[in-house]
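Taking it in order: structure first as structure tokens, then the write-up.
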Amino acid sequence: MIMSKKIIGMGNDSVSQGKRRFNYLQADCAARVLDKNFQGKQVLVIGLGRSGYASATFLKEKGVIVKCTEKEAGVKQEEYKNKLNALDIPVELGGHTREFCAGSQIAVVSPGVDLSPLLKNNILPSGIEIIGELELGFMFCSSPVIAITGTNGKSTVTELTGHVFKHSGLHTEICGNIGIPFINKAESLTDKSIAVLEVSSFQLETIKTFKPKIALLMNVTDDHYDRHINYENYKLAKFKIFENQNKNDWAVLHESFRNDPLLKKIKSRIVFYGASGVDNIAKISGEKILLSTGGSYAPVMTVSEIPIKGAHNLDNVLSVVTISGIMGVSANIIKEAVKSFKGLAHRFELVGVFNGVEYIDDSKATNIDAAKQALISSIKKVVLIAGGKDKGGDYTVIFPEIKEKVKSMVVIGETKQKLKEIFGKIVSVVEAGDMKDAVIKASKIAGTGGTVLLSPMCSSFDMFNDYKHRGKVFQDAAKSLVGKP
1 MIMSKKIIGM
11 GNDSVSQGKR
21 RFNYLQADCA
31 ARVLDKNFQG
41 KQVLVIGLGR
51 SGYASATFLK
61 EKGVIVKCTE
71 KEAGVKQEEY
81 KNKLNALDIP
91 VELGGHTREF
101 CAGSQIAVVS
111 PGVDLSPLLK
121 NNILPSGIEI
131 IGELELGFMF
141 CSSPVIAITG
151 TNGKSTVTEL
161 TGHVFKHSGL
171 HTEICGNIGI
181 PFINKAESLT
191 DKSIAVLEVS
201 SFQLETIKTF
211 KPKIALLMNV
221 TDDHYDRHIN
231 YENYKLAKFK
241 IFENQNKNDW
251 AVLHESFRND
261 PLLKKIKSRI
271 VFYGASGVDN
281 IAKISGEKIL
291 LSTGGSYAPV
301 MTVSEIPIKG
311 AHNLDNVLSV
321 VTISGIMGVS
331 ANIIKEAVKS
341 FKGLAHRFEL
351 VGVFNGVEYI
361 DDSKATNIDA
371 AKQALISSIK
381 KVVLIAGGKD
391 KGGDYTVIFP
401 EIKEKVKSMV
411 VIGETKQKLK
421 EIFGKIVSVV
431 EAGDMKDAVI
441 KASKIAGTGG
451 TVLLSPMCSS
461 FDMFNDYKHR
471 GKVFQDAAKS
481 LVGKP
């Protein structure tokens with residue numbers, strides 16, 4: 001079950017020889033990629049967020065003819081436009097026009113861009129090749145790639161996997177959907193490095209050759225139906241993570257996928273993780289987490305030693321133990337790294353106890369299942385703050401947890417009327433105008449000894465820049481109540 005040192009690039013060259021060799025190979029590789037894919041072609045970057053900006057500046061630096069189009073025209077987009085214009089990169093804001101896109105042979109699409117309207121309305125030139133920033137980064141990456149996807153938990157698992165590898169001494173870069181574009185790190189990665197990537201279904205839609213050495217699929221639950229339309233399309237997008245793997249690669253899946261018909265399409269070595277499977281690489285026996293070491297199981301740590309709480313985080317740790325075991329990291333190193341992991345902000349994060357009320361920030365819960373896991377992890381009844389931009393999905397699946405764990409709901413955002421109508425049948429629901437109003441109302445309902453939980457079930461873009469912004473506003477509102485009756 002253990003990946004050889006040769007695969008992860010532990011050669012015998014001296015450091016100086018290795019650096020000279022890599023610099024030469026890096027330059028040669030980049031030149032070949034550019035000649036093969038971009039020579040004499042004009043590239044259109046669609047979408048001007050972090051990913052689009054990174055793609056445009058990288059390609060311009062390589063001498064590629066590039067221009068950018070973005071449908072929004074806000075302050076942030078104007079900032080990006082000014083920076084790109086200074087590099088002689090043309091930028092279109094406020095919409096994608098056929099005239100601006102004309103003449104492009106390759107499109108690099110940002111993950112937040114839905115291509116359907118552009119294709120339906122023939123905005124893009126006929127025959128244009130479409131890739132994403134994830135694919136672009138892979139073209140220029142010399143290191144093995146570990147790619148992690150799933151509806152929920154992928155950010156935590158990506159960070160924890162990278163934390164374990166760094167603790168073991170491996171040069172590791174953590175990037176992708178987690179906030180750092182892959183293309184920003186790809187060219188600096190050597191054959192002695194590891195790239196640990198969080199990847200989304202949107203990013204996987206536009207891959208061509210992207211081929212992770214280890215690909216992890218954690219779970220697939222209702223989410224992103226505003227883009228994927230239905231569960232089947234969403235699940236197929238997630239399974240694309242295995243599309244280009246071969247028999248020398250690894251497909252790691254949660255044991256709930258053990259009988260999934262899509263497994264037959266996977267060409268790599270399939271392994272499972274989870275608490276119950278007898279042949280899982282990582283599993284639970286009593287209170288012990290065990291790791292297969294080739295014929296037998298070695299204890300890694302006890303469940304009680306995991307610093308991040310909740311049943312969902314137990315599965316998260318098991319997935320990390322599985323990947324680490326495949327990579328040859330020892331059980332002792334895994335234990336040390338996991339025990340020192342502090343968790344991520346806005347993931348069931350205890351903000352504090354103010355005026356006798358406990359506040360928990362789970363702003364990252366942007367879908368129904370994530371909120372469900374938060375309620376399962378709650379020890380007592382909570383006042384739940386929910387709402388935002390609707391992503392589709394069946395809200396009734398969380399009814400049992402709402403009935404058992406929720407004292408009352410305070411709803412905000414675009415979906416507040418919808419949520420009030422759905423959940424008002426089983427629990428008291430109060431509307432709020434904004435986050436501060438929601439926190440004030442929730443704290444009064446909770447009372448001394450009570451708990452207010454922000455776990456929105458929806459995305460944040462109706463009222464906030466992102467889930468981090470939403471979480472910060474929640475935390476600030478909670479802290480502002482200190483000393484107030």
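Mapping of the sequence shown onto UniProt numbering: position 196 corresponds to residue 196, and the numbering continues sequentially without gaps.
The beta carbon of each residue, even a glycine, is placed where N, CA and C say it ideally should be.
Taking buried to mean at least 16 other C-beta atoms within 10 Å of its own C-beta, is residue i buried or exposed?
i, result
"Gln475", "buried"
"Tyr359", "buried"
"Leu124", "buried"
"Ser296", "exposed"
"Asp434", "exposed"
"Asn465", "exposed"
"Lys185", "buried"
"Asp394", "exposed"
"Lys372", "buried"
"Ile379", "exposed"
Quick one: measure Cβ to Cβ for residue i and residue j, integer angstroms, because I've assumed they're closer than 8 Å.
i, j, result
"Lys403", "Ile426", "6 Å"
"Val397", "Ala442", "With a Cβ gap of about 23 Å, Val397 and Ala442 do not count as contacting."
"Ile180", "Thr161", "Contact flag wrong, Cβ pair sits at about 15 Å."
"Glu92", "Glu70", "7 Å"
For a test of the three-state rule: what should DSSP assign to residue i, helix, strand or coil?
i, result
"Asn23", "Caution applies to Asn23, whose pLDDT of 45 falls short of 50 and renders its modelled position unreliable; the model cannot decide the point."
"residue 556", "Residue coverage of the chain in this structure runs from 1 to 485, which leaves residue 556 outside it and unanswerable."
"Ser330", "coil"
"Ala282", "strand"
"Gly352", "strand"
"Gly52", "helix"
"His254", "strand"
"Val199", "coil"
"Leu189", "coil"
"Leu314", "helix"
"Pro181", "coil"
"Lys403", "helix"
"Ile174", "strand"
"Ile385", "strand"
"Pro212", "coil"
"Gln42", "strand"
"Met139", "helix"
Hey, how far is the Cα of residue i from the Cα of residue j?
i, j, result
"Val145", "Asn244", "13 Å"
"Lys339", "Ser304", "10 Å"
"Asp447", "His312", "One detail in the question is off: residue 447 reads as Gly in this sequence, not Asp. Cα-Cα distance, rounded: 28 Å."
"Glu255", "Phe272", "5 Å"
"Glu79", "Ala282", "47 Å"
"Gly176", "Val329", "23 Å"
"Ile368", "Pro456", "8 Å"
"Arg21", "Arg50", "Unreliable positioning characterises Arg21 in this predicted model, as indicated by a pLDDT of 37, which lies under 50. The coordinate reading is nonetheless provided below. Roughly 31 Å between the two C-alpha positions."
"Lys342", "Pro111", "29 Å"
"Gly95", "Ala73", "8 Å"
"Thr322", "Ala251", "11 Å"
"Leu115", "Ile445", "44 Å"
"Thr151", "Asn219", "6 Å"
"Arg347", "Ile385", "15 Å"
"Ala331", "Ser168", "11 Å"
"Leu236", "Lys62", "34 Å"
"Glu159", "Ala478", "27 Å"
"Glu129", "Gln105", "6 Å"
"Met463", "His469", "9 Å"
"Ser276", "Ile284", "7 Å"
"Val361", "Leu318", "The amino acid at residue 361 is misidentified as Val; the sequence shows Asp. When rounded, the distance between both Cα atoms is 24 Å."
"Leu136", "Val75", "27 Å"
"residue 486", "Ser408", "A query on residue 486 cannot be resolved here, the shown segment of the chain reaching from 1 to 485 and no further."
"Gly424", "Phe210", "46 Å"
"Ile270", "Leu48", "37 Å"
"Gly352", "Val482", "11 Å"
"Phe257", "Leu84", "45 Å"
"Ile194", "Ser143", "6 Å"
Going by alpha carbons, who is nearest to residue i out of the options?
i, options, result
"Lys480", "Asp260, Asn355, Asn121 and Glu414", "Residue identity differs from the one stated: residue 480 is Ser in this sequence, not Lys. It is Asn355 whose Cα lies nearest to the Cα of Ser480."
"Val278", "Ser292, Ala337, Gly112 and Ser408", "Ser292"
"Asp88", "Lys76, Leu59, Leu115 and Ala73", "Leu59"
"Leu253", "Ser126, Gly274 and Ala107", "Gly274"
"Lys335", "Ile306, Ser200, Phe461 and Asp434", "Ile306"
"Val45", "Ser330, Ala237 and Pro90", "Pro90"
"Leu344", "Arg269, Val113 and Thr156", "Thr156"
"Cys141", "Gly424, Ile128 and Pro212", "Pro212"
"Asn233", "His163, Thr415, Leu262 and Thr69", "Leu262"
"Leu170", "Ile376, Ala337, Ala298 and Lys81", "Ala337"
"Ala298", "Leu204, Arg258 and Gly325", "Gly325"
"Gly471", "Ser378, Thr415 and Gly387", "Gly387"
"Asn122", "Val410, Cys101 and Leu197", "Cys101"
"Gly294", "Met301, Asn280 and Thr302", "Asn280"
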